[in-house]
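Notes to accompany the following structure.
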Amino acid sequence: MKKVSRPNTLLLELVIVLLFFSLSACVILQLFVAAHDKSVRSVVGSWALMEAEDIAEKFAASQADKDTFFAQADWRPRGEGYERYVEANGRALLCLVAGETRNTPAGYLDDLTLTLYKTQTPPSGSGEMPRCITIDGEHPLVTLPLTRYRHGEGTP
Amino acid sequence: MTGKQEYRMGVGASSILMIFVVLSLTTLGMLAFASGRADLTLTERRQAQVEAYYNAAARAERIVAAIDEALLSVRRDPEACAARVKALADWAIDVSDDWVISFTVPVSQSQRIEVALRAAEADAASRYTVERHRLVNIAEWKPAEVSYTAVEDKERGIN
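Residue numbers (the numbering used here), protein chains in the order written: chain C, 661 to 816; chain U, 1231 to 1389.
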């Protein structure tokens, strides 16, 4: 009867252990990746929410009309609205404002919508807005209404 | 005789080590995943709350615009005052005798925005002043039903 030598047994065990460990590592690695993904989404979502609240409160507190307000706050015109690029810690947000100001008989009702998207950081790192940002099909991080009423003179 | 002691790893040691490492990594991974998921859930809940607040605030601004329009038309045509006040009442807007116009906008099941405007005199530059614009909690607070009898008895030395 042929006896299995001790070194061969150890080698066989090591091979089985390594195989099992690599299989387990594949599953565990996916768990860590999912955890990191959720953490990043949470951090970016909180940041976007803070930026959106900041913009909304500044707009609500301002008495300037929307064109003056966004021009003074360094927003760039984009179509009928405005856009701004915010960057921090290697992450970037694109803020878009769209909507109109309606003249009511007694004042002005700004009925705007603020939308924030996650974008790529510009390669230059200069804070310059990239010329082409594709946001089509991307789910916005935050959408807030920027509705503000300013009463006009409207004296009889 | 020099007794040379040789260390040899026994069969099964690597398996035990591997099981320990895999279990540790799995535990850490589960904790990281649970933490990340809790953070994301909290962020999403806060996001929903903030969006609900700003939607309600936007609705409140639209109502203020409508009230200002009504106040302007009252100044232009005082005879229409009663009709305008009735119109405001139809929108669930309360107008007190001293011309404090108040309304509420629900934010969620537990919060609402309360707004009160005081109509100014006819010769004033502004037609109204904002008396109140606040977020109010309307959920009824229920204290936990905990009996302190056992604790009190223990403190008094009663078994």
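Note that beta-carbon positions come from the ideal geometry of N, C-alpha and C, so glycine has one too.
8 angstroms Cβ cutoff met for Val757 (chain C) and Leu772 (chain C): Taking the first residue of the first sequence as 1, we reach residue 757 (chain C) at position 97. Taking the first residue of the first sequence as 1, we reach residue 772 (chain C) at position 112. Against a cut-off of 8 angstroms, the Cβ pair of Leu772 (chain C) and Val757 (chain C) comes out as a contact.
Beta-carbon contacts of Ala716 (chain C) that lie in its chain and below 8 angstroms, excluding the five residues immediately before and after: Numbered from 1 along the first sequence, position 56 holds the residue referred to as residue 716 (chain C). Closer than 8 angstroms at Cβ, skipping near neighbours: Leu774, Leu804, Leu806.
Amino acids of chain U, ordered along the chain, whose beta-carbon sits closer than 9 angstroms to that of Ile688 (chain C): By 1-based counting over the first sequence, the position of residue 688 (chain C) is 28. Ordered by position in chain U, the residues that pass the 9 angstroms Cβ test against Ile688 (chain C) are Val1252, Leu1255, Thr1256, Leu1258, Gly1259.
Residue interval of the beta strand (DSSP E) (run including Val1330 (chain U)): Against the second sequence, residue 1330 (chain U) aligns to sequence position 100. From DSSP, the beta strand (DSSP E) with Val1330 (chain U) extends over 1330-1336.
Contact list for Leu679 (chain C) against chain U, beta-carbon separation under 7 angstroms: Counting from one through the first sequence, the residue named residue 679 (chain C) turns up at place 19. Neighbours of Leu679 (chain C) on chain U: none; closest Cβ ~10 angstroms, over 7 angstroms.
Start-to-end residues for the beta strand (DSSP E) that takes in Thr803 (chain C): Mapped onto the first sequence, residue 803 (chain C) falls at position 143. Where Thr803 (chain C) is concerned, the enclosing beta strand (DSSP E) stretches over 802-811.
Residues near Arg1289 (chain U) by beta carbon distance below 6 angstroms, same chain, minus five either side: Translated into the one-based positions of the second sequence, residue 1289 (chain U) becomes position 59. If we look at Arg1289 (chain U) and ignore the five residues flanking it on each side, its Cβ neighbours are Val1335.
Ser702 (chain C) and Gly1266 (chain U) closer than 8 angstroms at C-beta: Numbered from 1 along the first sequence, position 42 holds the residue referred to as residue 702 (chain C). Numbered from 1 along the second sequence, position 36 holds the residue referred to as residue 1266 (chain U). Cβ distance < 8 angstroms, so Ser702 (chain C) and Gly1266 (chain U) count as in contact.
Neighbourhood of Pro800 (chain C) by C-beta, 8 angstroms cutoff - its chain only, sequence neighbours within 5 removed: Indexing the first sequence from 1 puts residue 800 (chain C) at position 140. For Pro800 (chain C), where only same-chain residues beyond five positions count, the Cβ hits under 8 angstroms are Thr775, Leu776, Tyr777.
Cβ of Ala1374 (chain U) within 8 angstroms of any chain C Cβ: Numbered from its first residue, the second sequence carries residue 1374 (chain U) at position 144. Answer no: the Cβ-Cβ gap between Ala1374 (chain U) and chain C never drops below 8 angstroms.
Stretch-stretch touch, CB-based, cutoff 8 angstroms, three pairs: the segment 1290-1307 of chain U with the segment 721-736 of chain C: no
Partners in chain C for Leu1270 (chain U), counting only beta-carbon separations shorter than 7 angstroms: Counting from 1 along the second sequence, the entry for residue 1270 (chain U) is found at position 40. Within 7 angstroms Cβ-Cβ: Lys698, Arg701, Ser702.
Cβ of Glu711 (chain C) within 8 angstroms of any chain U Cβ: Position 51 of the first sequence, counted from the first residue, corresponds to residue 711 (chain C). No, because no Cβ of chain U sits closer than 8 angstroms to the Cβ of Glu711 (chain C).
Below-8 angstroms beta-carbon distance, Tyr777 (chain C) vs any chain U residue: The sequence position of residue 777 (chain C) within the first sequence is 117, counting from 1. It does not; no Cβ of chain U falls within 8 angstroms.
Residue from U:Ala1282, U:Val1337, U:Tyr1358 with nearest C-alpha to Leu1302 (chain U): As a first step, residue 1302 (chain U) is located in the second sequence; it is residue number 72 there, counting from the start. Per the Cα distances, U:Tyr1358.
Alpha carbon of Ala708 (chain C) to alpha carbon of Arg1364 (chain U), nearest angstrom: As a working mapping, residue 708 (chain C) is identified with position 48 in the first sequence. As a working mapping, residue 1364 (chain U) is identified with position 134 in the second sequence. Going from the Cα of Ala708 (chain C) to the Cα of Arg1364 (chain U) covers about 24 angstroms.
Reference Glu1344 (chain U); option with closest CA among U:Ile1297, U:Phe1333, U:Asp1353, U:Ala1352: Within the second sequence, numbered from 1, the residue matching residue 1344 (chain U) stands at position 114. Of the candidates U:Ile1297, U:Phe1333, U:Asp1353, U:Ala1352, the one whose C-alpha sits nearest the C-alpha of Glu1344 (chain U) is U:Phe1333.
Those residues which DSSP pairs with Ile1343 (chain U) across a bridge: As a working note, residue 1343 (chain U) is residue 113 in the second sequence. Per DSSP, U:Val1335, U:Leu1365.
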